[in-house]
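Engineer:
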Amino acid sequence: MDGSIEVDGNTIATRFVQKPWIRNSYLRFEDERLVVVSRSERMMHRVISKHRDWIARHYKEIKSTIRLFDSGSVLHGSNRYKVRHVIHAGRPKADIAGDTLMLYARDSRGAERLIDRITREDTQRIAPGMARSKASLIGAEVKEVKVRKYRKWGACSSEGRITINYCISMLPAELQEYIISHEVAHLKQLNHSGRFWSVVESLCPDYKALRKQLRSYDNRRRAVYVPDLDLNLA
Ligand SMILES: [Zn+2]
């Protein structure tokens with residue numbers, strides 16, 4: 006059952022899932038919608054009023070999240086581009102027209118793959134070079150820079166291999182620099198000690214503010230809704 010509640014002046018969409026056999030109710034957010042699982046409507050109202058603070062806090066956090074992949078758009082630097090798919094039988098290609106990323110591909114699945122491909126290619130163009138030049142500033146050597154699709158922004162192994170998330174090219178340039186500086190600093194310090202952070206600072210002086218900013222970004226790969234002309238990916 007769908008509805009909405011008012012919390013701190015915000016209207017939050019809700020979904021009530023009734024499970025008469027459960028003892029304890031629980032709450033979770035699915036994107037911006039609050040899902041309440043409870044054995045009765047009365048219990049649902051009770052759990053909502055009991056956890057108003059939790060709901061308000063989480064809603065605020067979710068609202069301030071910047072999604073790299075969102076329905077109908079993708080982030081690129083400080084701009085958000087609408088995504089449009091055009092059915093195209095030849096080799097898939099992408100193009101920017103004003104505020105729209107045009108994807109020429111056979112079907113929406115191909116369009117989604119194309120988003121991944123251009124994102125990865127952009128990151129591949131940026132990350133290895135930047136990692137090597139940052140490393141040379143602190144007299145460290147990078148064995149390898151891998152670009153990979155995963156949840157973390159980056160990683161560094163004790164053998165000096167750096168892995169960078171394939172979608173950092175979608176972030177503002179200063180955040181890309183922070184992520185790479187962070188991993189390069191691990192070549193000197195494989196921990197998050199004070200010494201580690203002073204190496205990061207020498208590579209990226211504004212790291213404190215950038216680290217905080219980065220927490221607002223969500224890199225989860227969602228299906229980017231491709232309007233008209235084609236069926237959407239579920
Ligand atoms: Zn780290």
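Take 6 as the starting number for the sequence shown in our numbering and just add one per residue.
Beta carbons are placed, not taken as given, at the ideal position from N, Cα and C, and that holds for glycine.
So, is Asn84 buried or exposed, given that buried needs 16 or more other C-beta atoms within 10 angstroms?
Structural biologist: For the purposes of this step, residue 84 is taken as residue 79 along the sequence shown, with counting starting at 1. Answer is exposed; the Cβ neighbour count stays below 16.
Engineer: Select from Ile10, Ile53 and Ser9 the residue whose C-alpha is nearest the C-alpha of Ser30.
Structural biologist: As a position in the sequence shown, residue 30 is number 25, starting the count at 1. Nearest C-alpha to Ser30: Ile53.
Engineer: What span of residues does the beta strand (DSSP E) with Leu142 cover, start to end?
Structural biologist: As a working mapping, residue 142 is identified with position 137 in the sequence shown. From DSSP, Leu142 is part of no beta strand (DSSP E) but of the alpha helix (DSSP H) over Ser113 to Leu142.
Engineer: From this set, Val147, Glu164 and Gly159, which residue's C-alpha is nearest Ser174's C-alpha?
Structural biologist: Stepping through the sequence shown from its first residue, residue 174 is reached at position 169. Minimum Cα distance to Ser174 is reached at Gly159.
Engineer: Run through DSSP, which three-state label would Ser207 get?
Structural biologist: Counting from one through the sequence shown, the residue named residue 207 turns up at place 202. Looking at Ser207 - three-state DSSP - the assignment turns out to be helix.
Engineer: Which one or two residues does DSSP pair with Val88 in a beta bridge?
Structural biologist: The residue given as residue 88 occupies position 83 in the sequence shown. Its beta-bridge partners are Leu106.
Engineer: Closer than 6 Å from C-beta to any heavy atom of ligand 1: which residues, in chain order?
Structural biologist: Residues with a Cβ closer than 6 Å to any heavy atom of ligand 1, in chain order: His187, His191 and His197.
Engineer: Just list the residues that DSSP pairs Cys161 with in beta bridges.
Structural biologist: As a position in the sequence shown, residue 161 is number 156, starting the count at 1. Answer is Ile167.
Engineer: Measure how close the beta-carbons of Asp223 and Leu73 come, nearest whole angstrom, since I'm counting them as under 8 Å.
Structural biologist: In the sequence shown, counting from the first residue as 1, residue 223 sits at position 218. In the sequence shown, counting from the first residue as 1, residue 73 sits at position 68. So it is a contact: roughly 7 Å between Cβ atoms.
Engineer: Would Ala132 pass as a contact of Val147 if the rule is Cβ separation under 7 Å?
Structural biologist: Here residue 132 refers to the residue found at position 127 when the sequence shown is read from its first residue. Here residue 147 refers to the residue found at position 142 when the sequence shown is read from its first residue. Cβ distance not < 7 Å, so Ala132 and Val147 don't count as in contact.
Engineer: When burial is assigned at 16 or more other CB atoms within 10 Å of the CB, is Asp13 buried or exposed?
Structural biologist: In the sequence shown, residue 13 corresponds to position 8, counting from 1. The residue in question, Asp13, is exposed, as its Cβ has fewer than 16 Cβ neighbours within 10 Å.
Engineer: Return the chain-ordered list of same chain residues with a C-beta closer than 6 Å to the C-beta of Met6, the five sequence neighbours on each side being excluded.
Structural biologist: Within the sequence shown, residue 6 is the residue found at index 1, counting from 1. Hits under 6 Å: Phe21.
Engineer: With C-beta atoms as the reference, is Thr168 less than 7 Å away from Arg156?
Structural biologist: Position 163 of the sequence shown holds residue 168. Position 151 of the sequence shown holds residue 156. Cβ distance not < 7 Å, so Thr168 and Arg156 don't count as in contact.
Engineer: With a CB to CB cut of under 6 Å and the five nearest residues on each side skipped, what residues in its chain are close to Arg89?
Structural biologist: Counting from 1 along the sequence shown, the entry for residue 89 is found at position 84. Cβ neighbours of Arg89 beyond the five flanking positions: Thr105 and Met107.
Engineer: What is the C-beta distance between Val189 and Ala140, in whole angstroms, given that I count them as a contact (C-beta under 8 Å)?
Structural biologist: Position 184 of the sequence shown, counted from the start, is the residue given in the question as residue 189. Position 135 of the sequence shown, counted from the start, is the residue given in the question as residue 140. Right, their Cβ atoms sit about 5 Å apart.
Engineer: Tell me the DSSP secondary structure of Leu238 in three-state form.
Structural biologist: Here residue 238 corresponds to residue number 233 of the sequence shown, with the count starting at 1. Confidence at Leu238 is low in this model, with a pLDDT of 41, below 50, so the placement of that residue should be treated as unreliable; the coordinate-derived value is given next. If DSSP states are grouped into helix, strand and coil, Leu238 belongs with coil.
Engineer: Could you check how far apart the C-beta atoms of Leu192 and Cys161 are, in whole angstroms? I think they sit under 8 Å.
Structural biologist: To locate residue 192, count along the sequence shown from 1; it is residue 187. To locate residue 161, count along the sequence shown from 1; it is residue 156. The pair is a contact, with the Cβ atoms about 6 Å apart (cut-off 8 Å).
Engineer: How would you call Leu195, buried or exposed, if buried means at least 16 neighbouring beta carbons within 10 angstroms?
Structural biologist: By one-based count along the sequence shown, residue 195 stands at place 190. Exposed, since its Cβ has fewer than 16 Cβ neighbours within 10 Å.
Engineer: From which residue to which residue does the alpha helix (DSSP H) around Val52 run?
Structural biologist: Here the question's residue 52 lines up with position 47 in the sequence shown. Run containing Val52: Glu46 to Lys55, per the alpha helix (DSSP H) assignment.
Engineer: If I measure Cβ to Cβ from His93 and keep anything under 8 Å in the same chain, skipping five residues before and after, which residues do I get?
Structural biologist: Taking the sequence shown and counting its residues from 1, the one referred to as residue 93 is at position 88. Once the five neighbours on either side are set aside, the close Cβ partners of His93 are Tyr109, Ala110 and Arg111.
Engineer: Locate the alpha helix (DSSP H) running through Arg216, then write down its first and last residues.
Structural biologist: Sequence index remark: in the sequence shown, residue 216 carries index 211 (1-based). Tyr212 to Leu219 is the span of the alpha helix (DSSP H), which, as asked, contains Arg216.
Engineer: Three-state secondary structure (DSSP) at Lys65?
Structural biologist: For this step, residue 65 is matched to residue 60 along the sequence shown. Lys65: helix per DSSP, three-state reduction.
Engineer: Would you tell me roughly how many angstroms separate the C-alpha atoms of Ser138 and Gln23, rounded to the nearest one?
Structural biologist: Along the sequence shown, read from residue 1 onward, the residue named residue 138 stands at position 133. Along the sequence shown, read from residue 1 onward, the residue named residue 23 stands at position 18. Going by the C-alpha atoms only, they are around 57 Å apart.
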